[in-house]
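Chemist: Structure incoming, see below.
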Amino acid sequence: MNDSSQKKSAGNFMVDVNLTMHDGGEETTRRVVGPSTVFSPAMTSVPASPFLAGPSSTPSTTLKTAPTTALVKAAAEPFVWDLSSAPTLPDLHPLERTAAFVPHVSSSEISRRISQILRERSIEACYEDDKAKVKCTTPDGVDFRIRLYRGRGDFHHGIIVEVQRRFGAAFSFHGDTYAILSAAEGKENQPCSSTSSTLPLVSDSDDESYSPNGVASLSTVSKMLVYRDHDSYLLALQTLAVITDAKNVGEKTAFAVSTELLQVESEVGSKIISLLVDRTVEDDIFKLRVMALTVIANAIQTVKGDISDMVREMLRPTLLQEMQGAHKNPRAAQMAARCVQFLLEGDHDVAEVHSVLQVALQAGQVRHAGLERQAQVCLDKIV
1 MNDSSQKKSA
11 GNFMVDVNLT
21 MHDGGEETTR
31 RVVGPSTVFS
41 PAMTSVPASP
51 FLAGPSSTPS
61 TTLKTAPTTA
71 LVKAAAEPFV
81 WDLSSAPTLP
91 DLHPLERTAA
101 FVPHVSSSEI
111 SRRISQILRE
121 RSIEACYEDD
131 KAKVKCTTPD
141 GVDFRIRLYR
151 GRGDFHHGII
161 VEVQRRFGAA
171 FSFHGDTYAI
181 LSAAEGKENQ
191 PCSSTSSTLP
201 LVSDSDDESY
211 SPNGVASLST
221 VSKMLVYRDH
231 DSYLLALQTL
241 AVITDAKNVG
251 EKTAFAVSTE
261 LLQVESEVGS
271 KIISLLVDRT
281 VEDDIFKLRV
291 MALTVIANAI
301 QTVKGDISDM
311 VREMLRPTLL
321 QEMQGAHKNP
331 RAAQMAARCV
341 QFLLEGDHDV
351 AEVHSVLQVA
361 LQAGQVRHAG
371 LERQAQVCLD
381 KIV
């Protein structure tokens with residue numbers, strides 16, 4: 001009888017896979033080790049331009065900054081995932097390296113912990129009780145799954161929590177994974193930062209020697225957008241998200257790019273806004289619209305809302321629609337609220353915006369802390 005073993009490391013986790021023959025068949029055990037803790041129980045497995053529309057003729061209303069505590073509806077209760085039971089780990093299911101075994105804790109308690117940490121970290125989540133699974137998207141656009149299983153045989157006394165990355169990459173995803181597994185184990189997590197930026201900040205001194213490379217990048221982006229395919233649009237939007245963010249490229253470069261992007265005659269800006277206005281199922285599936293909203297939110301924030309009435313009125317219905325549907329897509333609603341924060345001044349129907357912001361606020365209170373914070377910032381600007 002031969003035994004074989006293999007160890008693999010994954011960031012702060014160590015996976016120990018032991019293949020051992022038992023009476024009645026082959027058994028594979030896998031241990032996931034945290035930074036300082038080794039779990040002794042084993043887990044069983046085998047290995048045409050939108051700017052053509054004119055501005056509204058409705059008179060605008062000037063806003064004053066003031067808290068609106070009395071105007072906001074009663075806070076909604078955060079969503080709690082209550083999974084009554086988890087399926088037993090299949091015999092031939094090769095677990096990901098990013099997995100943890102949680103002994104002597106019910107699936108109901110572990111699922112509650114998971115829904116709480118996902119909300120705190122502003123991770124968009126869709127829960128599927130029948131499959132004991134959560135479909136997730138991080139603020140950086142990484143798609144992943146969380147699955148819960150009950151251990152087999154000698155390990156029936158615990159629940160296995162597995163994180164599976166499906167699409168996208170970000171430095172912050174390792175932190176998200178560690179936070180989720182730690183929360184499932186009942187460990188305390190550090191508060192999540194409100195920003196997801198992982199690039200080093202550009203100081204004012206670094207930005208003093210401004211060159212037009214940022215604006216020149218718009219020409220490259222324009223060429224990417226000629227081909228209407230997912231990969232080209234994805235790369236173009238990722239590039240724009242970086243060069244419109246002052247934290248990444250400095251204030252002068254970000255301002256120059258954002259100003260150019262939001263011009264009525266901007267070819268790139270026209271295509272990005274078309275992506276928002278002309279909603280398609282394919283764009284929603286690949287999250288392109290959320291990325292386009294992020295680009296526009298970055299640009300509007302950088303220029304502090306100083307955009308033409310024509311662009312403002314073209315964007316307004318889409319922004320309100322995204323916030324109205326916040327329960328379906330809280331990440332998109334958060335980006336829309338970022339735009340609205342800088343466009344409230346001079347809006348022609350503040351009452352309508354206020355009503356939609358309350359919808360977004362309650363959606364954030366239930367499942368998405370980032371949306372809750374952003375919606376409240378906007379509401380605090382309305383008298």
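With the UniProt record's numbering as the guide, the letters of the sequence shown map in order to residues 1 to 383.
Here a beta-carbon is modelled for each residue, glycine too, at the ideal position from N, C-alpha and C.
Predicted model, so just to flag it, every value in this text is computed and none were measured.
Buried or exposed for arginine 166, please, with buried defined as at least 16 other CB atoms from any protein chain shown within 10 angstroms of its CB.
Modeler: Exposed, because fewer than 16 other Cβ atoms sit within 10 Å of the Cβ of arginine 166.
Chemist: Decide if aspartate 245 is buried, meaning its Cβ has at least 16 other Cβ atoms within 10 Å, or exposed.
Modeler: When all chains shown are included, aspartate 245 counts as buried.
Chemist: Who are the Cβ neighbours of lysine 223 in its own chain at under 8 Å, not counting the five residues just before and after it?
Modeler: Around lysine 223: no qualifying Cβ.
Chemist: Closest to phenylalanine 342 by C-alpha separation, out of Asp82, Gln358, Gln321 and Ala297, would be which residue?
Modeler: Of Asp82, Gln358, Gln321 and Ala297, the residue nearest in Cα terms is Ala297.
Chemist: Between the C-alpha atoms of leucine 293 and glutamine 374, what's the straight-line distance to the nearest angstrom?
Modeler: Spanning the two alpha carbons is a distance of roughly 14 Å.
Chemist: Indicate whether serine 115 and glutamine 334 have their beta-carbon atoms separated by less than 9 Å.
Modeler: No, these two residues do not count as a Cβ contact at 9 Å.
Chemist: Apply the 10 Å Cβ neighbour rule to tyrosine 233 and answer buried if 16 or more other Cβ atoms are within range, or exposed otherwise.
Modeler: Buried.
Chemist: Return the residue from the list Thr280, Leu379, Ile180 and Leu262 that minimises the CA-CA distance to arginine 228.
Modeler: Checked all of Thr280, Leu379, Ile180 and Leu262; the closest Cα to arginine 228 is Thr280.
Chemist: Please look up how many angstroms separate the CB atoms of glutamine 365 and alanine 76, rounded, as I've assumed it's under 8 Å.
Modeler: The pair is a contact, with the Cβ atoms about 4 Å apart (cut-off 8 Å).
Chemist: Measuring CB atoms only, is the stretch 248-261 touching the stretch 296-313, in the sense that at least three cross pairs come out at less than 8 Å?
Modeler: Flag = yes, the stretch 248-261 and the stretch 296-313 touch.
Chemist: Pull up the CB-CB distance for leucine 148 and leucine 83, whole angstroms please, since I reckon it's below 8 Å.
Modeler: Their Cβ separation, rounded to whole angstroms, is 6 Å, which keeps leucine 148 and leucine 83 in contact under 8 Å.
Chemist: For valine 142 and alanine 99, which I take to be in contact (beta-carbon distance under 8 Å), what is that distance rounded to the nearest angstrom?
Modeler: Not confirmed; about 17 Å, so no contact.
Chemist: Just the C-alpha distance for methionine 291 and histidine 156, rounded to the nearest angstrom, thanks.
Modeler: Cα to Cα, methionine 291 sits roughly 43 Å from histidine 156.
Chemist: Between which residues of its own chain and glutamate 322 is the CB-CB distance below 8 Å, once the five residues before and five after are set aside?
Modeler: Only Leu293, Asn329, Ala332, Ala333, Met335 and Ala336 meet the Cβ criterion.
Chemist: Alpha carbon to alpha carbon, what distance is there between arginine 338 and leucine 344?
Modeler: Leucine 344 and arginine 338: Cα-Cα distance of roughly 11 Å.
Chemist: According to the Cβ coordinates, are leucine 95 and arginine 150 closer than 9 Å?
Modeler: Not in contact: leucine 95 and arginine 150 (Cβ atoms no closer than 9 Å).
Chemist: Going by DSSP in three states, lysine 133 sits in which element: helix, strand or coil?
Modeler: In this structure, lysine 133 counts as strand in the three-state DSSP scheme.
Chemist: When the Cα of arginine 112 is compared with those of Ala216, Arg367 and Ala326, which residue comes out closest?
Modeler: For arginine 112, the nearest C-alpha among the options comes from Arg367.
Chemist: Which residue or residues does DSSP assign as beta-bridge partners of cysteine 126?
Modeler: Its beta-bridge partners are Lys135.
Chemist: Measuring only the C-alpha atoms, how far is phenylalanine 144 from glutamine 164?
Modeler: The alpha-carbon atoms of phenylalanine 144 and glutamine 164 are separated by roughly 5 Å.
Chemist: Is it the case that the Cβ atoms of alanine 326 and leucine 371 are separated by a distance below 9 Å?
Modeler: Yes, they are a contact pair.
Chemist: Under DSSP, the alpha helix (DSSP H) around phenylalanine 79 begins and ends at which residues?
Modeler: No alpha helix (DSSP H) holds phenylalanine 79; DSSP gives it neither H nor E.
Chemist: Tell me the start and end of each unbroken alpha helix (DSSP H) in the stretch 297-370 that is at least 4 residues and wholly inside, in chain order.
Modeler: Runs of the alpha helix (DSSP H) inside the stretch 297-370: 309-324, 330-341 and 350-367.
Chemist: Could you compute how far the alpha carbon of threonine 138 sits from the alpha carbon of leucine 275?
Modeler: Distance between the alpha carbons of threonine 138 and leucine 275 is about 21 Å.
Chemist: At a Cβ threshold of 9 Å, is threonine 280 touching chain D?
Modeler: As a matter of chain content, chain D is missing from the structure shown, which is built from one protein chain.
Chemist: Roughly how many angstroms separate the alpha carbons of cysteine 126 and leucine 361, rounded to a whole number?
Modeler: About 18 Å.
Chemist: Could you say which of Leu240, Glu265 and Val340 lies nearest to residue 398 if we only look at CA atoms?
Modeler: What is shown of the chain runs 1 to 383, which leaves residue 398 out entirely.
Chemist: Going by C-alpha distance, which of Ile307, Ala132, Leu288 and Val277 is nearest leucine 320?
Modeler: That would be Val277, whose Cα lies nearest to the Cα of leucine 320.
Chemist: Compute the beta-carbon to beta-carbon distance between asparagine 189 and isoleucine 117, rounded to the nearest angstrom, for a pair I have assumed lies under 8 Å.
Modeler: Correct: roughly 7 Å between the Cβ atoms.
Chemist: What is the rounded straight-line gap between the Cα of aspartate 206 and the Cα of isoleucine 243?
Modeler: For aspartate 206, the predicted structure reports a pLDDT of 49, less than 50, and the residue's modelled location is therefore unreliable. A value from the coordinates is still provided. Roughly 15 Å separates the two Cα atoms.
Chemist: Within the same chain, show all residues whose beta-carbon is closer than 7 Å to that of alanine 179, passing over the 5 residues directly before and after it, in chain order.
Modeler: Cβ neighbours of alanine 179 beyond the five flanking positions: Ile117, Arg121 and Asn189.
Chemist: Which first and last residues belong to the beta strand (DSSP E) in which residue 384 is found?
Modeler: The requested residue 384 is not part of the displayed model; the chain covers only 1 to 383.
Chemist: Scan the stretch 86-114 and note each continuous alpha helix (DSSP H) run of 4 residues or more that stays entirely inside, going in chain order.
Modeler: Segments of the alpha helix (DSSP H) lying fully in the stretch 86-114: there are none.
Chemist: What's the C-alpha gap between glycine 250 and glutamate 267?
Modeler: For glycine 250 and glutamate 267, the distance between alpha carbons rounds to 24 Å.
Chemist: Alpha carbon to alpha carbon, what distance is there between leucine 261 and aspartate 309?
Modeler: Looking at the two C-alpha atoms, the distance is approximately 15 Å.
Chemist: Determine whether the beta carbon atoms of alanine 184 and isoleucine 159 lie at a separation below 9 Å.
Modeler: Their beta carbons are under 9 Å apart, which means alanine 184 touches isoleucine 159 by this criterion.
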